[in-house]
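This report concerns only the one structure given below.
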Amino acid sequence: MLTTISEASAGSLTLAKVTAEATRRLREAGIDSPARDGRILVAAAMGLEAHQLISRPEMPVGPAELAQVNRFIERRLAREPVSRILGSRGFYGREFEISPATLDPRPESETIIEAAIELVGSGAAVNDSPLRILDVGTGSGCLLVTLLAELPRSTGLGTDISAAALEVAQRNAHRHGVAFRAEWKLARSLNGITGPFDLLVVNPPYIPTDTIEELDPEVRDYDPWTALDGGADGLDVYRELARDLVRVVPNGWAVFEVGKGQAAAVSELLGFARVDGQPPEIRTFRDLNGVDRCVAWRARH
């Protein structure tokens with residue numbers, strides 16, 4: 006971008022011109038939302054808030070600032086997501102650090118938060134004791150940290166198979182003032198986890214292995230494959246977790262994110278997690294696009 010403009014003439018560039026050129030390059034490359042991405046990246050490169058692009062259109066752009074804009078735009082042209090370039094992503098009204106070790110939080114995953122709060126109640130406590138939350142495969146910690154912030158009478162444990170991801174989650178917990186109510190453990194699935202917990206949340210890998218290559222480059226090339234690959238049919242982790250639900254969440258809710266079209270299959274799998282042969286309670290929740298995005302399970306006694 007703008008590589009033909011010399012440093013001597015760069016001083017004549019304005020914020021408006023640079024933003025327009027960034028948008029043009031992204032649009033011509035077929036990037037989704039080129040104007041939005043261009044504004045965000047130019048503002049970040051300049052150390053400005055996005056609204057300042059409108060309030061200060063004639064602000065001059067110097068050579069060093071132009072070089073940073075160029076670097077950001079080139080990374081987006083390589084299909085790196087904006088959130089990866091900036092190192093953070095907004096989720097449920099809060100900003101979360103992300104890294105190559107963590108899944109990039111998606112708006113659809115906010116459905117887990119809405120479902121969990123509806124199921125346990127915003128002032129949730131159990132017998133006047135804090136609500137105990139388990140977040141399996143916590144990644145950036147966005148689910149657990151958000152729930153701890155939204156449910157002040159709660160404590161939580163976040164697990165992951167990646168030590169690097171847990172470090173990011175811990176920093177996010179400190180950032181949002183809930184670190185004193187959070188614990189973290191290196192673990193796979195529910196191995197080594199002792200309950201009981203009152204609420205389990207999980208956004209498991211649910212992409213069938215053979216279809217990962219078909220994903221957009223922003224996902225396929227930048228999200229950890231361990232956070233995407235759900236096995237041959239995308240349901241491996243649900244099967245694994247279902248075996249231990251009664252032990253870990255004997256009296257509480259477990260809320261699972263599911264892929265589009267998977268809700269019925271996941272509901273059927275979870276239906277085998279029973280106490281004394283009693284079929285569990287199963288509920289589904291839709292995201293803002295009307296897609297069944299979460300399946301919730303609770304044992305009946």
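Counting from 6, one number per residue, gives the positions in the sequence shown under this note's numbering.
All C-beta atoms, glycine included, are put in the ideal place defined by N, C-alpha and C.
Just so it is clear, the structure is predicted and the values come from calculations on it, not from any experiment.
Candidates the options: closest to residue i by CA position
i      : options                           : result
Gly146 : Gly236, Arg186 and Leu136         : Arg186
Phe335 : Ala34, Ser17, Gly43 and Val206    : With the chain running from 6 to 306 in the structure shown, residue 335 is simply not present.
Asn256 : Ala278, Glu155 and Ala106         : Ala278
Pro213 : Tyr97, Gly200 and Gly235          : Gly235
Gly98  : His306, Leu148, Glu188 and Pro210 : Leu148
Leu162 : Arg180, Leu136 and Ala169         : Leu136
Val251 : Phe96, Gly92, Glu286 and Arg61    : Glu286
Val253 : Ile138, Pro68 and Ala178          : Ile138
Three-state secondary structure (DSSP) of residue i
i      : result
Val23  : helix
Met267 : Note that residue 267 corresponds to Gln in the displayed sequence, not to Met. Coil at Gln267, not helix or strand.
Glu85  : coil
Glu63  : coil
Ser11  : Any reading at Ser11 is ruled out, since the residue's pLDDT is 38, under 50, leaving its predicted position unreliable.
Ser145 : coil
Glu286 : strand
Glu188 : strand
Arg279 : coil
Glu54  : coil
Gly236 : coil
Arg110 : For the sequence presented, residue 110 should be read as Pro rather than Arg. Three-state result, Pro110: coil.
Thr68  : Reading the sequence as shown, one finds Pro at residue 68 and not Thr. In the structure shown, Pro68 sits in a helix (DSSP, three-state: H, G or I).
Val183 : coil
Supposed contact pair residue j and residue i - C-beta distance, whole angstroms, cut 8 angstroms
i      : j      : result
Ala34  : Leu82  : 5 angstroms
Phe96  : Glu115 : 7 angstroms
Leu124 : Trp258 : 5 angstroms
For residue i, the first and last residue of its enclosing alpha helix (DSSP H)
i      : result
Val206 : Run containing Val206: none in the alpha helix (DSSP H); it sits in the beta strand (DSSP E), Leu204 to Val207.
Val224 : Pro222 to Arg225
Bounding residues of the beta strand (DSSP E) (the contiguous stretch that carries residue i)
i      : result
Ala301 : Asp297 to Arg303
Leu162 : Ser159 to Asp165
Ala259 : Trp258 to Glu262
* Between the stretch 71–78 and the stretch 44–58, do three or more beta carbon pairs fall short of 8 angstroms? -> The stretch 71–78 is in contact with the stretch 44–58.
Report task. Determine contact between the stretch 293–302 and the stretch 270–277, defined as no fewer than three beta-carbon pairs at a distance below 8 angstroms. Result -> Counting Cβ pairs under 8 angstroms, three or more are found: they touch.
Looking at C-beta atoms only, is the number of pairs between the stretch 237–256 and the stretch 105–118 that lie closer than 8 angstroms three or more? no
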